[in-house]
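S.K.:
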Amino acid sequence: MHLTALQVIGGNITVVQGETAILPCKLIDTTEHLTQISWQKMTRGNPINVNFFTVLDVDGPQFVNGRDDRFKFIGNFKENIATLQLSNVKLMDEGTYTCIFTLFPSGNHKTDIPLNLLVPPVSSLEDNHPTLGNEEVSLVTCIAASSKPPALVRWLVGSLEKQ
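Just so it is clear: in the sequence shown, position 14 is 14 by the UniProt record's numbering, and no numbers are missing.
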């Protein structure tokens with residue numbers, strides 16, 4: 001039996017929609033031969049865990065099950081770095097990405113990398129002056145929609161704060 005202290009290191013990533021996410025993945029503390037790097041994902045857009053990317057020493061990076069040019073391999077196979085870059089992140093990309101190193105002779109070693117998205121609200125402010133009896137009053141409507149996490153709207157009226 002061969003005991004090893006190898007580790008696959010990833011991270012928990014949070015990114016704003018439309019920006020670029022770095023999915024870090026590195027294998028440390030091993031002298032075994034790396035034969036392949038694989039990536040799987042289970043996302044909002046596809047809630048089934050699927051292989052989508054592989055890297056071989058000779059062939060380099062390749063898409064599996066369809067090409068998505070927003071993904072770019074920025075790792076280094078020879079240095080056991082499997083990091084991916086994902087450009088123009090969408091809400092449907094949110095989910096769990098799994099980085100898998102295939103070693104000889106011990107087999108697969110992996111880590112999960114959760115990708116969380118923040119979506120800024122679409123906001124609007126409307127100022128109306130309806131008449132209440134004989135007086136005109138100010139009525140302001142604020143809408144903050146479609147955000148993740150949900151937007152918190154605060155009103156500051158003089159020294160008072162309302163939520």
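Glycine is no exception: its CB is placed at the ideal position from the N, C-alpha and C atoms.
Mind pulling the beta strand (DSSP E) runs of 3 or more residues that sit fully within the UniProt domain "Ig-like" (1-116)?
M.R.: Whole beta strand (DSSP E) segments, 3+ residues: 7-9, 13-16, 21-23, 26-28, 33-43, 50-56, 60-63, 71-73, 84-86, 95-104.
S.K.: Does DSSP put Ile152 in a helix, a strand or coil?
M.R.: Residue 152 is actually Leu in this sequence, not Ile. Coil, per DSSP.
S.K.: Once DSSP output is grouped into helix, strand and coil, what is the label at Asn128?
M.R.: Of the three classes helix, strand and coil, the one that applies to Asn128 here is strand, per DSSP.
S.K.: Which term fits Thr111, buried or exposed, when burial requires 16 or more other beta carbons within 10 angstroms of its beta carbon?
M.R.: By the neighbour-count rule (16 or more Cβ atoms within 10 Å), Thr111 is buried.
S.K.: In the DSSP output, which residue or residues are listed as bridge partners for Ser123?
M.R.: DSSP lists Ala144 as partners of Ser123.
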